[in-house]
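Asker: Same order as they appear, the protein sequences are chains X and L. Each residue of the first sequence is one higher than the one before, counting from 795 in the working numbering. Each residue of the second sequence is one higher than the one before, counting from 795 in the working numbering. Yeah, the Cβ is synthetic: ideal placement off N, Cα and C, and Gly gets one too.
2 protein chains.
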Amino acid sequence: MKKVNSDVAYDYIRKRILSGEYPPGHALMTEELSGVIGVSRTPVREALHKLKADGLVSIRARLGASVKKMDVKEFREMCDMRLALEGHATALAALNHSQADLREIRFALDGMRGLTERLIAAEEESPLLDELVREDVRFHIAIMTAAKNDLMKGEILRLHLVNRIVFGPVNPTSGVPVSRGTKPERDENRRRVLASHDEIYDAIARGDAIAAKRAMEDHIQDIIEKGLRIMAHSGAGLITRELTDEELVYNG
Amino acid sequence: MKKVNSDVAYDYIRKRILSGEYPPGHALMTEELSGVIGVSRTPVREALHKLKADGLVSIRARLGASVKKMDVKEFREMCDMRLALEGHATALAALNHSQADLREIRFALDGMRGLTERLIAAEEESPLLDELVREDVRFHIAIMTAAKNDLMKGEILRLHLVNRIVFGPVNPTSGVPVSRGTKPERDENRRRVLASHDEIYDAIARGDAIAAKRAMEDHIQDIIEKGLRIMAHSGAGLITRELTDEELVYNG
DNA sequence: GGAAATGCACTTGTATACAGATTTGCAAGC
DNA sequence: GCTTGCAAATCTGTATACAAGTGCATTTCC
């Protein structure tokens, strides 16, 4: 599949949204972007519409596009949806996983364990944090892969990405959220995350769909609460109103 | 919100896909469509991309767009996702519903009951069928509304629409799927659907989230099996091979 | 001085022209 | 007969010009 200009524009803009270079609310004007990216307005327009479908950008007719701002209501809704999907997918993973899937999940888990221990021991975190986040993502992706449902996997990954808008600002080069709270708090949080992951892995490994689902739901609930706390404290326009005037008619 | 030309093109094409006028696999060429709709290629292109995001159209770079064809694998995945979302949303509806929500659900349910009885009694169905389908949709929408999660509601309705591609062909004017099977079979099926809906409503009304969820999951499971049977029999490029009876029994 | 009106700058939405890719039809070669 | 190569036809992707809507600032009027 050949890469066309609209894909170039899409990748360019998306990267900058996820890295935090374009913060929530930032205006995305087609002419400006087309100049920077080096393509015409048409593919830029297309890229913006695709990003809107991803949930990273909001577009209002004749008023232009901007990086999505999420309010608390929408964040809760998104998390609730993620809870439903990822919980179900985890149950499927417990039933459908192959041995290779299981190995991949455990690799990610072991990687996280090592990094977490080193992070707790260390004073300076930054180089290890990127790796930890990468392994965390790897863990979740491995489970979604084991569930053997590409559609759900895609949708869940999409939600993960949109979630990152809330957890910003992030390290511009790595895309990893900057640390929050005191070190003991962060250490405690990391231990809890690891314990959750252990529980999820064990349940999947022994094929216990119900326990796996519950463990994943608890884990996501933790993440939700963390997100809500961040939104409450950082504010910075995140909690302001947000109108999605998308009225889809659902009948013929 | 002003209606722009790309919206006109979107509505035009979408309507024809859902009505079956553009069947699965039908090529959607920008120039031809722009001529018929009376706008230029640019808004048509945009509309096609939006329909792709909806899951109704597939686009391959430089090869053009066509109405989405669904294979069995994708259909199962979609249904499984719907199961997860709609089950969860039903549980939420049991917890979050207002009295007005409950009334709206019961109105739809009562409407369906009356229509079902008249349909079973009648010989000629066509005028009543449209109404029955409308009330069925109304029932499901009312529950999603009661769940108080607009994001999930939107996603579920999207999946409902994509589902309709499988249940085609439909009555061109009303968009209602044409009847299948013998009359006793259809009557039996309608009674079962109604009983399912009753069960779902009762559980929601008494705030029993677990029972509501389970009832909705069973109901959707029924729909899934019906869809798989239709796919197996209608074929028409939808499936590559004949299904075994085992495959017809859907179990995630 | 403040509110309404008006004009301007800017941006989006749309039409259209053009370049490149893909398919199709046909003829030549094995 | 079937494949292979080539060229025309066709369609997509992109650039660009133009029209129309929106917000802002200045002006005008009370």
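#1: Where Ser852 (chain L) and Val956 (chain L) are concerned, what is the direct C-alpha to C-alpha distance, given to the nearest angstrom?
#2: Please determine if the segment 978–996 of chain X and the segment 1004–1014 of chain X are in contact, where contact requires at least 3 C-beta pairs separated by less than 8 Å.
#3: Sort out for me which residues DSSP pairs Gly858 (chain X) with in a bridge.
#4: Beta carbons nearer than 8 Å to chain L: which residues of the segment 873–884 of chain X have them?
#5: Would Lys883 (chain X) and Met946 (chain X) be called neighbours here (beta carbons separated by less than 8 Å)?
#6: Using only alpha-carbon positions, find the residue among L:Glu917, L:Leu913, L:Leu842 that is nearest to Phe823 (chain L).
#7: Looking at chain X, is there any beta carbon in it that lies within less than 8 Å of the beta carbon of Leu945 (chain L)?
#8: Is there a Cβ from chain X that is less than 8 Å from the Cβ of Arg856 (chain L)?
#9: For Ala1009 (chain X), which of helix, strand or coil comes out of DSSP?
#10: State the Cα-Cα distance for the pair Arg808 (chain X) and Val802 (chain X), rounded to the nearest angstrom.
#11: Please report the straight-line C-alpha distance between Thr1038 (chain L) and Ser990 (chain X), rounded to a whole angstrom.
#12: Please classify Asp1039 (chain L): does DSSP put it in a helix, a strand, or coil?
#13: Tell me the rounded alpha-carbon separation between Asn983 (chain L) and Val838 (chain X).
#14: Distance cutoff 8 Å, beta carbons only. Does Ala847 (chain X) sit that close to anything in chain L?
#15: Applying a beta-carbon distance threshold of less than 7 Å, which residues of chain X neighbour Val798 (chain L)?
#16: Please state whether DSSP places Arg941 (chain X) in a helix, a strand or coil.
#17: Output the distance between the C-alpha atoms of Glu929 (chain L) and Ile899 (chain L), rounded to the nearest integer angstrom.
#18: Given 8 Å as the limit, is there contact between the segment 867–882 of chain X and the segment 909–927 of chain X, that is, 3 or more CB pairs closer than that?
#19: Any beta carbon of chain X sitting closer than 8 Å to that of Lys844 (chain L)?
#20: Taking the alpha-carbon of Ala894 (chain X) as reference, which of X:Ala1026, X:Ile1018, X:Ala999, X:Asp1012 has the nearest alpha-carbon?
#21: Give the interface partners of Glu871 (chain X) over in chain L, defined as CB-CB distance under 8 Å, in chain order.
#22: Step through the CB atoms of chain X and report whether any lies within less than 8 Å of the CB of Glu918 (chain L).
#23: So, are the CB atoms of Arg958 (chain X) and Leu845 (chain X) less than 8 Å apart?
#24: Could you say which of L:Val798, L:Gly858, L:Arg854 lies nearest to Gly832 (chain L) if we only look at CA atoms?
#25: From Asp981 (chain L) to Asp1016 (chain L), what does the alpha carbon distance come to, in whole angstroms?
#26: Put Ala915 (chain X) into one of helix, strand or coil per three-state DSSP.
#27: From the beta carbon of Ile1017 (chain L), is the nearest beta carbon of chain X less than 8 Å away?
#28: When the Cα atoms are used, what is the spatial distance from Arg835 (chain L) to Glu825 (chain L)?
#29: Pull up the distance between the alpha-carbon of Leu827 (chain X) and that of Glu871 (chain L), whole angstroms please.
#30: Against chain X, does Glu826 (chain L) count as a neighbour if the rule is that its beta carbon must be under 8 Å from one of theirs?
#31: Is Glu840 (chain L) close to chain X? Criterion is C-beta to C-beta, closer than 8 Å.
#32: Near Arg907 (chain X), which residues of its chain fall below 8 Å by C-beta distance, leaving aside the five closest residues on each side in sequence?
#33: Anything in the segment 892–922 of chain X with a Cβ closer than 8 Å to a Cβ of chain L? List those residues in chain order, please.
#34: What is the C-beta distance between Phe933 (chain X) and Ala902 (chain X), in whole angstroms, given that I count them as a contact (C-beta under 8 Å)?
Answerer: On the basis of the coordinates in this document:
#1: Take the alpha-carbon of Ser852 (chain L) and the one of Val956 (chain L): they are about 12 Å apart.
#2: Flag = yes, the segment 978–996 of chain X and the segment 1004–1014 of chain X touch.
#3: The partner list for Gly858 (chain X) (beta bridge, DSSP) reads X:Arg854.
#4: Residues passing the 8 Å Cβ filter: Asp874, Met875, Leu877, Ala878, Leu879, Gly881, His882, Ala883.
#5: A small correction: the amino acid at residue 883 (chain X) is Ala; Lys does not occupy that position in the sequence shown. Yes, Cβ-Cβ distance for Ala883 (chain X) and Met946 (chain X) is below 8 Å.
#6: Here residue 823 (chain L) is Met; the residue named in the question, Phe, does not match the sequence. That would be L:Leu842, whose Cα lies nearest to the Cα of Met823 (chain L).
#7: Chain X has a Cβ within less than 8 Å of the Cβ of Leu945 (chain L).
#8: For Arg856 (chain L), the nearest beta carbon of chain X is closer than 8 Å to its own beta carbon.
#9: The three-state secondary structure of Ala1009 (chain X), taken from DSSP, is helix.
#10: Taking the straight line joining both Cα atoms gives about 10 Å.
#11: Residue placement at Thr1038 (chain L) is flagged as unreliable, the pLDDT there being 40, under the threshold of 50; a coordinate-derived value is accordingly withheld.
#12: Model confidence at Asp1039 (chain L) stands at a pLDDT of 40, short of 50, so the residue's coordinates are unreliable; what they give is reported in the following sentence. In the three-state scheme derived from DSSP, where H, G and I count as helix and E and B as strand, Asp1039 (chain L) is classed as helix.
#13: Spanning the two alpha carbons is a distance of roughly 50 Å.
#14: It does; some Cβ of chain L falls within 8 Å.
#15: Those within 7 Å of Val798 (chain L) in chain X are Ala855.
#16: The sequence shown places Ala at residue 941 (chain X), not Arg. Here Ala941 (chain X) carries a coil assignment [DSSP, helix/strand/coil].
#17: Each residue's alpha carbon lies about 10 Å from the other.
#18: The segment 867–882 of chain X makes no contact with the segment 909–927 of chain X: fewer than 3 CB pairs, one atom from each, lie closer than 8 Å.
#19: Chain X has a Cβ within less than 8 Å of the Cβ of Lys844 (chain L).
#20: With distances taken between Cα atoms, Ala894 (chain X) lies closest to X:Ala999.
#21: The answer, in chain order, is Asn943, Asp944, Leu945, Met946.
#22: Not flagged as an interface residue toward chain X: Glu918 (chain L), since no C-beta distance is shorter than 8 Å.
#23: Against a cut-off of 8 Å, the Cβ pair of Leu845 (chain X) and Arg958 (chain X) comes out as no contact.
#24: The residue with the shortest Cα to Cα distance from Gly832 (chain L) is L:Val798.
#25: For Asp981 (chain L) and Asp1016 (chain L), the distance between alpha carbons rounds to 15 Å.
#26: Ala915 (chain X) falls in the helix class under three-state DSSP.
#27: The beta carbon of Ile1017 (chain L) sits no closer than 8 Å to any beta carbon of chain X.
#28: Rounded to whole angstroms, Arg835 (chain L) to Glu825 (chain L) spans 6 Å at the Cα level.
#29: Roughly 37 Å separates the two Cα atoms.
#30: No, because no Cβ of chain X sits closer than 8 Å to the Cβ of Glu826 (chain L).
#31: Yes, Glu840 (chain L) lies at the interface with chain X (some Cβ there is under 8 Å from its Cβ).
#32: Leu988, listed in sequence order.
#33: Cβ contacts with chain L come from no residue of the segment 892–922 of chain X.
#34: Cβ atoms of Phe933 (chain X) and Ala902 (chain X) come within 8 Å of each other, at about 4 Å.
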